[in-house]
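See structure below.
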Amino acid sequence: MDLDIIPNGLAAGSLYALIAVGFNILYRPTNVFNFAQGDLVMLGAMIGASAMAAGAPWVIALAAAAVFVGLIALLENAVAVAPVVRRSSVSHAWIISTLAYSLIIDNLVGHAWGPDPIRVDPPAPLSTTTFTVAGMRTSSYQIALIVGTALMILLIERFYRTRSGKAVMAVAEDRDAALLRGIDPGRLSRWSFFLGGGFAAVAGLLASPVLYASTQLGPALLIKGFEAAAIGGVGNNRGALVAGWILGLAEALGGSLLSPGYQQASTFVLLLVILLIQPRGLFGQPEARNV
Amino acid sequence: MSDRTIPRGGAARVLDNPWLGRTAILVLAVAIYVFPLIAHSDYRLYLGTQVGIYLLVAMGLNLLSGYTGQPSLCHGALLAIGAYVTAIATVDHGWSFWPAALVGMAITAGAGALIALPAFRVSAWYFALITLAFAEVVGGMLIEWGGLTHSFSGVVGIPMPSAFGQSFNAAQLFWLVATIDIACFIMMANMMRGRFGRGFIALRDNEIAARASGISLVRLKMFAFVVSAAVTGLAGAFYAVQKTVITPDDFTADVSIFFLVVVVLGGSGRLWGAALGTVAFFVVPELLTSLQAWRLLIYGVVLLALMLFAPHGLAGAIASAWRSLRVALGASPRPPPPLATAPGAPTVQKVRGMAVSIAGLLKRFGGVTALDRVSLKVEAGSVHAIVGPNGSGKTTLLNMICGFFRPDEGSIRLDDVEVVGRSTAGIARLGVGRTFQTPKLLPELTATENAMLGAFAAERASTIEVALWAPRARREHAALAAQAEHFLGFVGLGERVHEQAGELPHGQQRLAEIARALIGRPRLLLLDEPAAGLSLTELDKLGALIRSIADLGVTVVIVEHHLELVADICRHVTVLDRGTVLAEGTPDAVFADPAVIAAYMGARPLAEAAS
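Chains as they are written, first to last, in numbering that gives the first Met the number 0: chain A, 0 to 290; chain B, 0 to 610.
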């Protein structure tokens, strides 16, 4: 068996984990799972790539993409989420309204950037040039991606233990009770969408040296991010990291043992099996029932 | 009747006449069958057949996403499975169309069952994403399994179905598809007015109400998935023969989204929704051609606008316009429902009450001990109150009796049956009825339909009998409607039986819940704070109602804060405080107990009064 699947799988898995974390940032305070998240990631990659093509340094491109996509997500909250959640907080109408928003982004981005993938260089001194270590072919960017993702997720988890982090959890638990304690759920939702969108853009730009920036990315990343979030337990970021790595490895393994066409099938089967055994994912909390 | 009232009354009489609707449907059916004779163009006939095929998919999707509330993003992929199986069997293996279509239907239904497996225990949005992932996998496999599917070049030369040695022509194919559409529509309509319709809507709007009414979520959800997938698979078979060539490009992710837009546009969860949505799409064919590049944007904007401004789609808009028209013509907004046909009021027979015996019940939520080894006996046929301050574990206790929570330790015996570990639906079927602190009714259904939901487990007509509205299904439906009206009258809602449950005031919603529980003929009735927010007169009526329920022999366990009501109707009271039994006995003895007074009033005022 080819040992390359280990760095390749972990690097892809790190990206899936990042997308899943974007979902979680949004899901925790709002209980909305954003169907447009894949397209926000894709949009972030496109904006970052264009900014760098225009000569902006990597950091500036990253910041520009994060702010712009954050604003697009804020708009999503205003037109596609807040109105339907206000009408009935228990209905699932937001599934279709966020899906609708994703179709709009997808189509507009397709027209603005065209179908050709854009090559994006990693920030210096990192590079995608491969070298061999312990029998595995990898690159400095792959290693940075794997390590950087793990660090970023640990940092985010620390935030949830602070006072603001606990406010986020309180709103997720009981919106009305949080309101009585002086936490404004509407404001928190807006912030979550802005941050969740910004995080999606970061994930997109980090992904683009590996996957290329392309308008085709949206739906595929939505599915992979969901699979990582669901397997790791929705809302659990460390779970998402482990699940992302498992998925990345399973995908690489399925692709190398059978054929690349089986990548999606192997992760889908993994998802079905895990959800059958553990409906809340590997590291999910049992949800309190509302009787 | 005076001359002046005749025109208005006359309008109402015409509008209320059930033959008006029947005539309209008959005219529609005749128009559909005559269409191939007057189409005068192969293209129009082709489009007509295509409408029929898409309608079949839309009806299948409406069942799953509209009625049952499980949004599917893989109906394009299910269509592909049905189409490919039929195409491969007829072209590569020389099968005749009919067995090929049946096998295609069966395999598609199997795929529906597969994706349904994890959906039983997760939310609707999980399901939507699982279907999206499934569609991606199917799309990949159509190319990957090239030996079977011919990969990108697709299956070519799919033959028309044939019968008696004659191959169908375009008009005959249209008639065949139209007939299947009409049959499917009628069966769907029958299912929806029977117990399945109520059950599906309960799955969508309130799973807790469904489980408390004895509905097995697993079986009903699986049923919805499999039927929806089978109908879509059948549509796939016709799709293949109509197109004669199918390639993976026919079944992209956009196709699944297209069908979702069709259903939401027409009216998701409305009987006519699928038909209205499909026809609307073909009335504006420009959308499909000249604006091709902006199709996704248009889908997105249409979906978003509908979700925001018209969540019930065209069917909802037409229904409300029709109601306004009726009012303008002097009729009531809705036609008066047909009178229940079962002769006389059903006789309500006495039941043998169920005894409850709870021993050492322990339940922890994280670090909080909600119930700390509670033991309790309720005599068969008695009215037993559980009182206590907020957070003392009363509702948790009810939730464990009816199986919503599983205790960490201890036993609950109903008569001699241990119920710990049984499902909520299973416990309900033993004869346990339940009402909730916040009423859990289905707001879009009438009070009568809500009450009928409570008899879900008691209905005997089979799926086929319901789908064909066979005599037994019809009789059962009529008898049940009469029973529902009777029980609604029994709880004091006789005047409001045909109102939508969501429009009833809160107090009356509680009463409707009691009627829903009673129609299941419970031997044990669990009432969770039925008196909260009632006026004094309503309170008296509730007391009388509970007494007459007890007179039927039913054991009643009531969680209540209103101590006068408790003292009035109960022989036994158990007081819970912070998860333990503080006192039990007759109301007089218990309410005089200083420990109870202290727990209820707070210790300090009592201590001050004593000093």
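Where a beta carbon is used, it is the ideal one built from N, C-alpha and C, also for glycine.
Keep in mind that this is a model prediction, so the values were computed, not measured.
Bounds of the alpha helix (DSSP H) holding Phe-267 (chain A) are 262-276. For the 8 Å CB-CB criterion, Gly-47 (chain A) and Val-132 (chain A) do not form a contact.
Residue contact check for Ala-201 (chain B) against chain A: no CB pair falls below 8 Å.
In this structure, B:Val-155 is the residue among B:Ser-319, B:Val-155, B:Phe-195 and B:Val-225 with its C-alpha nearest to the C-alpha of Thr-243 (chain B). Secondary structure in the stretch 8-95 of chain B: the alpha helix (DSSP H) runs of 4 residues or longer, each lying completely within the stretch, are 17-37, 41-60 and 74-86 in chain order.
With 16 or more neighbouring CB atoms inside 10 Å of its own CB, Asn-449 (chain B) falls in the buried class. By the neighbour-count criterion, in which 16 or more other beta carbons inside 10 Å mark a residue as buried, Ala-206 (chain A) falls on the buried side. If you draw a 10 Å sphere on the C-beta of Ser-96 (chain A), you find 16 or more other C-beta atoms in it, and that means buried. Going by beta carbons, Gly-139 (chain B) and Ala-11 (chain A) fall outside the 8 Å limit. Minimum Cα-Cα distance from Asn-168 (chain B) among the listed residues B:Ser-461, B:Leu-302 and B:Asp-41 corresponds to B:Asp-41. Within the stretch 97-114 of chain B, no residue places its CB atom closer than 7 Å to a CB of chain A.
Separation of Ala-591 (chain B) and Glu-583 (chain B) (C-alpha to C-alpha, rounded to the nearest whole angstrom) is 11 Å. Residue pairing by DSSP puts Thr-445 (chain B) in a beta bridge opposite B:Gln-499. For Ile-557 (chain B), the uninterrupted beta strand (DSSP E) run begins and ends at 554-558, by DSSP. Taking 8 Å as the cut-off between beta carbons, the residues of the stretch 214-232 of chain A near chain B are Pro-218, Ala-219, Leu-221, Ile-222, Phe-225, Glu-226 and Ala-229, in sequence order. Spatial neighbours of Val-301 (chain B) in its own chain (CB-CB distance under 7 Å, excluding positions within 5 residues in sequence) are listed in chain order as Val-260 and Leu-264.
DSSP lists A:Thr-131 as the bridge partner or partners of Arg-136 (chain A). Annotated three-state conformation of Ser-255 (chain A) is helix, per DSSP. Using a Cβ-Cβ distance cut-off of 8 Å, the stretch 70-88 of chain A and the stretch 288-297 of chain B are not in contact, since fewer than three pairs of beta carbons, one from each stretch, lie closer than that value. In this structure, Gly-387 (chain B) and Asp-576 (chain B) form a Cβ contact; the two beta carbons are roughly 6 Å apart against a cut-off of 8 Å. Counting C-beta pairs with one atom in each stretch, the stretch 146-161 of chain B and the stretch 21-39 of chain B have fewer than three that are closer than 8 Å, which means they do not touch. Put simply, the stretch 198-215 of chain B touches the stretch 433-446 of chain B. At least three CB pairs are less than 8 Å apart. Look at Val-83 (chain A): its C-beta is under 8 Å from a C-beta on chain B. Listed in chain order, the non-local C-beta contacts of Ala-228 (chain A) below 7 Å within the same chain comprise Ala-19, Phe-22, Asn-23 and Ala-239, local neighbours out to five positions each way being set aside. Under the Cβ distance rule, Asp-105 (chain A) counts among the residues neighbouring chain B, one pair being separated by less than 8 Å. By the rule that beta-carbons nearer than 8 Å mark a contact, Phe-267 (chain A) touches chain B. Contiguous alpha helix (DSSP H) elements confined to the stretch 367-439 of chain B occur at 393-400 and 423-428, taking only those with 4 or more residues. The C-beta distance from Ala-63 (chain A) to Gly-197 (chain A) rounds to 11 Å, too long to fall under 8 Å, and the pair is not in contact.
Residues of the stretch 70-98 of chain B that bring their beta carbon within less than 7 Å of a beta carbon in chain A comprise Pro-70, in sequence order.
Here Ser-212 (chain B) is not bridged, per DSSP, to any residue.
For Gln-215 (chain A), DSSP assigns no beta-bridge partner whatsoever. Within chain B, the C-beta atoms nearer than 9 Å to that of Val-78 (chain A) come from Leu-303 and Leu-307, in chain order. Beta-bridge analysis with DSSP links Gly-584 (chain B) to B:Val-572.
Ala-223 (chain B) places its beta carbon 8 Å or farther from that of Leu-216 (chain B).
When secondary structure is reduced to three states using DSSP, Phe-163 (chain B) falls in the coil class, being assigned neither helix nor strand.
Excluding its 5 nearest sequence neighbours in each direction, Pro-406 (chain B) has C-beta neighbours in its own chain below 8 Å: Leu-360, Leu-361, Lys-362, Leu-370, Met-399 and Val-419, listed in chain order.
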